[in-house]
Amino acid sequence: MSQLIVSEIAGKEGAPVYFPSGIRMGNTGAGGINDIGIPGQPGFGVGIAPALPDGMTALPGYTDVLSDNYGNYQYSDGSIMVWVPAFYYKYGTGANGLAINACDIKNIDAYTTVTAANAAGYALHRAFYDGGQIKQGFFVDKYLCSNNSGVASSLRNGAPISSSASNSPVADLDGVSSNINASFITAASLRGTGFFCQSIFIFKAMALLSYAHGQAATSPTYCAWYDAAGITNFPKGCNNNALGDVNDNSLSFTSSGYDNAALTGSANFLAKTTHNGQVCGVADLNGCMWDVCPGLTMDDGDESVGHFYVLKTSVAMADVTAGTSLATDLWGATGYAALYDDLGVMDTFTSTALNFTDRTVDVGSVSKTFSEATSGTLWQMTGAGIPVESTGTNVFGNDRINDYSTSQMLPSAGGSWSHSTPAGVWALGLSSSRASLNPSHGFRAALYL
Numbered sequence: 135m136s137q138l139i140v141s142e143i144a145g146k147e148g149a150p151v152y153f154p155s156g157i158r159m160g161n162t163g164a165g166g167i168n169d170i171g172i173p174g175q176p177g178f179g180v181g182i183a184p185a186l187p188d189g190m191t192a193l194p195g196y197t198d199v200l201s202d203n204y205g206n207y208q209y210s211d212g213s214i215m216v217w218v219p220a221f222y223y224k225y226g227t228g229a230n231g232l233a234i235n236a237c238d239i240k241n242i243d244a245y246t247t248v249t250a251a252n253a254a255g256y257a258l259h260r261a262f263y264d265g266g267q268i269k270q271g272f273f274v275d276k277y278l279c280s281n282n283s284g285v286a287s288s289l290r291n292g293a294p295i296s297s298s299a300s301n302s303p304v305a306d307l308d309g310v311s312s313n314i315n316a317s318f319i320t321a322a323s324l325r326g327t328g329f330f331c332q333s334i335f336i337f338k339a340m341a342l343l344s345y346a347h348g349q350a351a352t353s354p355t356y357c358a359w360y361d362a363a364g365i366t367n368f369p370k371g372c373n374n375n376a377l378g379d380v381n382d383n384s385l386s387f388t389s390s391g392y393d394n395a396a397l398t399g400s401a402n403f404l405a406k407t408t409h410n411g412q413v414c415g416v417a418d419l420n421g422c423m424w425d426v427c428p429g430l431t432m433d434d435g436d437e438s439v440g441h442f443y444v445l446k447t448s449v450a451m452a453d454v455t456a457g458t459s460l461a462t463d464l465w466g467a468t469g470y471a472a473l474y475d476d477l478g479v480m481d482t483f484t485s486t487a488l489n490f491t492d493r494t495v496d497v498g499s500v501s502k503t504f505s506e507a508t509s510g511t512l513w514q515m516t517g518a519g520i521p522v523e524s525t526g527t528n529v530f531g532n533d534r535i536n537d538y539s540t541s542q543m544l545p546s547a548g549g550s551w552s553h554s555t556p557a558g559v560w561a562l563g564l565s566s567s568r569a570s571l572n573p574s575h576g577f578r579a580a581l582y583l
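Residue numbers for the sequence shown follow my numbering, beginning at 135 and rising by one.
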């Protein structure tokens, strides 16, 4: 693996972020190395990776913010991946310099330390903490994984892998034996060294970027899903159970051959389905398939005794495993103790809109939807896309959280081809477990430098 260019140890957040002589990181507008860009402008939400791991190559145009391949890379198995640079965000309360529910995004080099950023009200997104380090960004699959001769690869126009024997089963991959959601953890890791099933934090980092981009955009030029009326100002997708989008009848998708599921990245207007409204972005985060995303779990389906857990920032995603007995396993008493912060008994967890009583919650509120916290539990919850208040609003797509209590829970995000209006980048499912098998559950791989 290539040497890290930006590093900062979690727990030593007062230390500066160093850059090698001659390397400019961000603060130049989109197009600088590891620059998240400017919301509403070309190239926002993706960037130029500061280094490449073994087996990764840059696609032609990867440094050009106007290119369809800006910030896009290809791994040796053929997988197309997108580099998302680390960023700070500030969530508006109406009393912290931003209007209620406004979101400001800054480059990783906007502050010399996380402590300095926090003092200004900015948080480093939870997606950039891994293995006790602060990461300079992540590679994430542009497309949902499909079966590429036994390997789970991110390829356009592939049939998305599921955890059901009836729909491109995960157990058909080399090294995978069971058609259950937990097998996605194993399947992602088998692509190569350092790969892992994308976390809930990575998925929701892209959701937050899409939210900020939509707020800043003034036309569809660099945000294809832009809606001037603000009613459907969010990424679109295959979600109307008829190979189209419930909010945009100009969109159509190619059938995967199963029910009304679509092939990966098959939209006739791909940019309308990406997190940044440009072809260079990550596709199909709204609908198509539920993205299974570890990072939260529960140990018991009874909310009066079961505990709610969030993954520690000290855990390296590439090291976690799919079982129930080891210290590296995402489930089981040993894994819960080793990998997670215990947030307590579910029915006493009152910090957010969740109450785990087998109901649904529509995301969005005219009052503050997400917490502005820069650390602690509420910061972790914002990183996982969990609101503090929620009554449902158009700006968040009226996306829905399935607020359930589930033994050995494994989250999923985005919704499926039949999920209709509740699908979207803020949709979150807490009702499936590691052992669930579902033809509408799929996954992506990710990779830190």
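Ideal Cβ placement from N, Cα and C applies to all residues, glycine included.
Worksheet entry | For G558 and W424, believed in contact at Cβ under 8 Å, the rounded distance | So it is not a contact: roughly 12 Å between Cβ atoms.
Discussion item. So within the stretch 499-565, which uninterrupted alpha helix (DSSP H) runs reach at least 4 residues, ignoring any that extend past its ends?
Written reply: Here the runs fully enclosed are 510-517.
Practice prompt. Counting only runs of 4+ residues fully inside the stretch 374-433, write out the alpha helix (DSSP H) ranges in chain order.
Written response: Listed in chain order, there is nothing to give.
Worksheet item: DSSP puts F330 in a beta bridge; with which residues?
Response: DSSP lists A580 as the bridge partner or partners of F330.
Practice prompt. Using only alpha-carbon positions, find the residue among S280, K224, Y277 and L186 that is nearest to Y256.
Written response: Checking every option, the nearest Cα to that of Y256 belongs to K224.
Fill in: Helix, strand or coil at Y470 [DSSP, three-state]
Note: Y470 maps to helix in three-state DSSP.
Worksheet item: Hey, out of Q412, F329 and G440, whose CA is closest to T355's CA?
Response: Of the residues Q412, F329 and G440, the one whose Cα lies closest to the Cα of T355 is Q412.
Worksheet item: Is it a yes or a no for the stretch 204-216 touching the stretch 271-291, going by three-plus beta-carbon pairs under 8 Å?
Response: Enough Cβ pairs lie closer than 8 Å, so yes.
Worksheet entry | Contacts around N402, its chain only, beta-carbon distance under 7 Å, and the 5 residues preceding and following it disregarded | Result list for N402: L385 and S386, in chain order.
Worksheet item: Within this structure, are the beta carbons of M432 and M543 separated by less than 9 Å?
Response: Judged by their CB atoms, M432 and M543 are nearer to each other than the 9 Å cut-off.
Fill in: Among N252, P369 and G378, nearest to N420 - alpha-carbon criterion
The candidate whose alpha carbon is nearest that of N420 is P369.
Item to complete: Would you mind stating whether N536 and G563 have Cβ atoms separated by less than 9 Å?
Response: Closer than 9 Å, so yes.
Worksheet item: When the Cα atoms are used, what is the spatial distance from V500 to G364?
Response: Answer to the nearest angstrom: the Cα atoms are 14 Å apart.
Item to complete: Assign D533 to one of two classes, buried (16 or more other C-beta atoms within 10 Å of its C-beta) or exposed (fewer than that).
Response: It is buried - the Cβ of D533 has at least 16 other Cβ atoms within 10 Å.
Worksheet item: What did DSSP end up calling Q349 once you bin it into helix, strand or coil?
Response: Three-state result, Q349: helix.
Worksheet item: Should F318 and A452 be called a contact, given that it needs their Cβ atoms to be closer than 9 Å?
Response: No.
Worksheet item: For R493, does the three-state DSSP call read helix, strand or coil?
Response: In the structure shown, R493 sits in a strand (DSSP, three-state: E or B).
Worksheet item: Tell me which same chain residues have a C-beta within less than 7 Å of the C-beta of D306, skipping the five on either side of it?
Response: Taken in chain order, the residues that qualify are N281.
Worksheet item: Are three or more beta carbon pairs between the stretch 436-443 and the stretch 473-481 nearer than 8 Å?
Response: Short answer: they touch.
Item to complete: Please say whether A358 and A417 have beta carbons closer to each other than 9 Å?
Response: It is not a contact, given that the beta carbons lie outside the stated cut-off.
Worksheet entry | L430 versus I334 - alpha carbon distance | Rounded to whole angstroms, L430 and I334 show a C-alpha spacing of 8 Å.
Discussion item. Please tell me whether L464 and R568 are closer than 9 Å, where the distance is taken between their beta carbons.
Written reply: Yes, the Cβ-Cβ distance between L464 and R568 is below 9 Å.
Item to complete: Could you check what DSSP says for A233 in three-state terms: helix, strand or coil?
Response: Secondary structure at A233: coil, using DSSP grouped into helix, strand and coil.
Item to complete: Tell whether a beta-carbon distance below 9 Å holds between S524 and A579.
Response: Not in contact: S524 and A579 (Cβ atoms no closer than 9 Å).
Worksheet item: Excluding five sequence neighbours on each side, which residues of the same chain lie with their C-beta closer than 7 Å to the C-beta of D264?
Response: Sequence-distant Cβ neighbours of D264 in its own chain, meaning closer than 7 Å and more than five residues away, are A450, M451 and Y582.
Discussion item. So L324 and G212 are supposed to be a Cβ contact under 8 Å. How far apart are they, rounded?
Written reply: Actually they are not in contact, since the Cβ atoms of L324 and G212 sit about 15 Å apart, beyond 8 Å.
Worksheet item: Straight-line CA distance for S546 to G165?
Response: Between S546 and G165, the C-alpha separation is close to 32 Å.
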